[in-house]
Each structure stands twice: as C-alpha cells, then as structure tokens.
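**Q** Before I ask anything, let me first share the structure, which is written out below as structure tokens.
Numbering (this note's numbering), first residue to last: 883 to 1040.
See the structure below:
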C-alpha cells in the first residue's frame, strides 16, 4: 500500500496541525493583543480578547494548573495508547481522535509552560467564555465522534 494515508496517520497529522495552529495563534495573541481589550475579528460574530484561564472549561477548577496539566497529559497518553491498540479506525473516528489529541496537547502545553491557558476568541452574539483553537478542536472532536456513532459503526451495511 504505497502512498495511502492510514487512519492512524490521519490522527497524528490532525493532532500536529491542531497543536501548531493553536500554539501559533496563542503566541500571536500574546504578542499583539492587550489583555481584556477587544479587537473585532468577524464583526457581530467573533472578536479577539486576550484572557488567561487557570482553570478548565468554564473556569472550573480555577487555580489548579498542576492538576489540570496532569489531566491533559493523562488524556493525551491514554488517547495514544488507545489509538495504538484499538485496531483499525474509521475516518470520522480518526479525525475526531486527532482533534481531541491535538486539543488536549495544545491546552496541556499552556498549562505546563505558563501555568494557565491562553484564550483569545470570543463569540459576540452570545454570552460564552473566551476560548482558543484547542477548545474548538475538542468540540469538533465530539462532533466527529457523534457522527461516527450516528453512522452506525460496527453494524453491517444495510
């Protein structure tokens, strides 16, 4: 099988793209945005606002960077072990796992390196916490894995 991309390769390539884009966007935001100051991105939809989160989603466990860093590392290691031992992966599953792995690593890097997560994207029309590309990847991962389940993986074709 020459030139074919395996589902496992899709996982790791997707994770790598997520980590690189996430870390580049956070480095750019840290260098170019003032904390708390709003900059329009897509007027009426998204804006940039640099904030730092020492907690998890929705600021849960605020101030527990070490614990959350350990959780991020455990999730990443657990995912790699599962990916390597689970057998063949389906396309939506591989994409979802890659997004989840990349998101966990992206936010984990922040927790280990900075003791907090850099957030920079804010939804304008709704009251929602400021987030980053790793968070987007994690949410897209859930969508991909739901699609994989909805498509009836493991069932014989009808």
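Positions of the beta carbon are idealized from the N, C-alpha and C atoms, including for glycine.
Determine the DSSP secondary structure at residue 946, reduced to helix, strand or coil.
**A** Here residue 946 sits in coil by DSSP.
**Q** Touching or not, the region 909-923 and the region 975-989, by the rule of three or more beta carbon pairs under 8 Å?
**A** Judged by Cβ distances under 8 Å, the region 909-923 makes no contact with the region 975-989, as fewer than three pairs qualify.
**Q** Assign residue 905 to one of two classes, buried (16 or more other C-beta atoms within 10 Å of its C-beta) or exposed (fewer than that).
**A** So residue 905 ends up on the buried side.
**Q** Please state whether the Cβ-Cβ distance between residue 985 and residue 1020 is less than 8 Å.
**A** For residue 985 and residue 1020, yes; Cβs fall inside 8 Å.
**Q** Would you kindly work out how many angstroms separate the C-alpha atoms of residue 1027 and residue 903, rounded to a whole number?
**A** So the alpha carbons of these two residues sit roughly 22 Å apart.
**Q** Should residue 1010 go down as buried or exposed, given a rule of 16 or more other Cβ atoms within 10 Å for buried?
**A** Exposed, because fewer than 16 other Cβ atoms sit within 10 Å of the Cβ of residue 1010.
**Q** By how many angstroms is the C-alpha of residue 888 removed from the C-alpha of residue 973?
**A** Their Cα atoms are separated by approximately 10 Å.
**Q** Considering just the uninterrupted stretch of the alpha helix (DSSP H) at residue 931, what are its terminal residues?
**A** Note, residue 931: premise wrong, no alpha helix (DSSP H); beta strand (DSSP E) at 928-935.
**Q** Kindly indicate which residue of 1032, 895, 1024 and 1004 has the alpha-carbon position closest to the one of residue 925.
**A** Among 1032, 895, 1024 and 1004, the Cα nearest to that of residue 925 belongs to 1004.
**Q** Looking only at C-alpha atoms, which of 938, 968 and 965 sits nearest to residue 1000?
**A** Selected option, being the one with the closest Cα: 938.
**Q** Residue 999 by DSSP, collapsed to three states: which one?
**A** Correct three-state label for residue 999: strand.
**Q** What span of residues does the alpha helix (DSSP H) with residue 892 cover, start to end?
**A** 889-914 is the extent of the alpha helix (DSSP H) around residue 892.
**Q** In its own chain, which residues sit with a C-beta less than 6 Å from the C-beta of residue 961, not counting the 5 before and 5 after it?
**A** Correct list, in chain order: 983.
**Q** In three-state terms, what does DSSP make of residue 1114?
**A** A question about residue 1114 goes unanswered here, because the residues of the chain that appear run from 883 up to 1040.
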